[in-house]
Ligand SMILES: [Zn+2]
């Protein structure tokens with residue numbers, strides 16, 4: 001991604017207002033049950049992260065290996081999730097006339113009763129490609145860790161999504177749009193520039209997908225006109241995994257969602273559920289004043305979606321990690337307590353967004369919490 005220091009036009013901000021759904025905080029008990037992922041984030045053997053700590057440049061075998069890792073995981077462990085590919089090709093400034101494949105992966109769970117265009121979707125996003133230079137670049141924070149975190153979120157919420165859908169079906173609920181909540185995970189390709197960040201040399205996968213979705217019309221009687229319209233919140237994770245991240249709140253229309261996540265972080269720290277010991281909170285901007293928004297932003301995969309009116313929550317460490325776009329952005333330079341804490345925080349946020357207090361389990365708290 002790329003730092004852009006210009007003000008957002010207000011007219012654009014005004015398009016981004018998201019509907020406030022009924023929102024119930026997770027109980028302390030539920031927060032204590034949120035899993036960290038533990039050894040699955042191990043950089044050598046962990047089943048979520050280790051396989052994608054490799055170069056993942058579009059058009060190379062690493063791209064295919066990363067795709068297989070994601071698809072196999074959902075296929076084997078989360079069979080209720082649908083798997084879709086959004087393939088495009090494009091030329092880049094450094095690969096000549098060759099068409100480079102950019103292949104986004106979409107994993108989705110909707111309520112089983114919904115018709116096309118009837119569910120609102122919490123949309124969790126990260127890019128899985130890695131930068132072509134320097135040669136051998138891994139991109140652990142950029143964005144292997146965010147991808148692994150999203151796999152962990154999917155796995156951790158799955159049981160509750162199933163229970164929610166089963167109970168709603170048994171009670172004959174559902175069929176009203178606010179209640180028909182689902183979740184989708186977008187693993188985007190081609191975020192990185194090949195030569196130098198420009199409008200056309202960056203965001204290859206995101207641009208293709210946003211463009212396609214804009215003109216993928218649902219049936220005329222559907223509540224939402226196209227898949228962009230169905231996105232209740234687009235949560236983009238990027239550059240996460242270094243110690244003491246500072247993730248600002250960027251967009252006033254979604255600041256309330258930022259505040260909800262910041263509150264989760266705060267509560268989890270108070271309950272001693274987080275491992276990291278950062279200088280300050282990961283999400284320090286809960287009290288940011290409305291007049292301080294709109295001063296600048298980081299260009300990233302949200303841009304093509306934001307331009308089309310999708311509400312964005314951008315979780316990106318700013319300033320960027322010191323390892324950013326260097327050979328040091330590898331597994332060895334990650335701060336694992338921070339990685340696991342992000343996994344906990346984002347999982348708890350997804351559970352809360354999806355109103356899972358409705359199906360709060362009475363499981364016992366694991367020892368030590
Ligand atoms: Zn990058």
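Residue numbers (my numbering): 1 to 369.
C-beta: ideal position from N, C-alpha, C; glycine also.
Supposed contact pair residue j and residue i - C-beta distance, whole angstroms, cut 8 Å
i: residue 189; j: residue 320; result: Between residue 320 and residue 189 the Cβ distance is about 21 Å, and since that is not below 8 Å, they are no contact.
i: residue 182; j: residue 227; result: Incorrect: roughly 12 Å between the Cβ atoms, too far for contact.
i: residue 240; j: residue 141; result: 6 Å
i: residue 40; j: residue 48; result: 4 Å
i: residue 305; j: residue 367; result: Not a contact, Cβ separation roughly 43 Å.
i: residue 131; j: residue 325; result: 6 Å
Whether residue i touches residue j by CB criterion (9 Å)
i: residue 283; j: residue 242; result: no
i: residue 323; j: residue 330; result: yes
i: residue 342; j: residue 57; result: no
i: residue 118; j: residue 193; result: no
i: residue 247; j: residue 316; result: yes
i: residue 301; j: residue 205; result: yes
i: residue 358; j: residue 24; result: yes
i: residue 154; j: residue 107; result: yes
i: residue 236; j: residue 344; result: no
i: residue 55; j: residue 156; result: no
i: residue 26; j: residue 356; result: yes
i: residue 123; j: residue 231; result: yes
i: residue 290; j: residue 263; result: no
i: residue 80; j: residue 162; result: yes
Alpha-carbon spacing of residue i relative to residue j, whole angstroms
i: residue 307; j: residue 365; result: 44 Å
i: residue 29; j: residue 178; result: 26 Å
i: residue 159; j: residue 104; result: 25 Å
i: residue 238; j: residue 72; result: 23 Å
i: residue 314; j: residue 50; result: 25 Å
i: residue 279; j: residue 98; result: 47 Å
i: residue 362; j: residue 67; result: 36 Å
i: residue 87; j: residue 270; result: 44 Å
i: residue 187; j: residue 202; result: 15 Å
i: residue 349; j: residue 149; result: 13 Å
i: residue 218; j: residue 120; result: 13 Å
i: residue 125; j: residue 84; result: 14 Å
i: residue 167; j: residue 220; result: 29 Å
i: residue 354; j: residue 347; result: 11 Å
i: residue 299; j: residue 267; result: 30 Å
i: residue 164; j: residue 229; result: 23 Å
i: residue 234; j: residue 134; result: 30 Å
i: residue 360; j: residue 31; result: 10 Å
i: residue 312; j: residue 303; result: 9 Å
Helix, strand or coil at residue i [DSSP, three-state]
i: residue 364; result: coil
i: residue 177; result: helix
i: residue 230; result: coil
i: residue 236; result: strand
i: residue 198; result: coil
i: residue 261; result: helix
i: residue 212; result: helix
i: residue 53; result: coil
i: residue 20; result: Its pLDDT being 46, under 50, residue 20 is placed unreliably by the model, and nothing is read from it.
i: residue 32; result: helix
i: residue 41; result: helix
i: residue 223; result: coil
i: residue 340; result: helix
i: residue 207; result: helix
In chain order, which beta strand (DSSP E) runs of at least 3 residues are fully inside the segment 59 to 104?
82 to 90
Run through the segment 247 to 322 for me and flag every whole beta strand (DSSP E) of 3 or more residues, listed as ranges in chain order.
Runs found: 297 to 299, 312 to 316.
Just list the beta strand (DSSP E) runs in the segment 114 to 184, keeping only unbroken ones of 3 residues or longer that don't cross its boundaries, in chain order.
120 to 127
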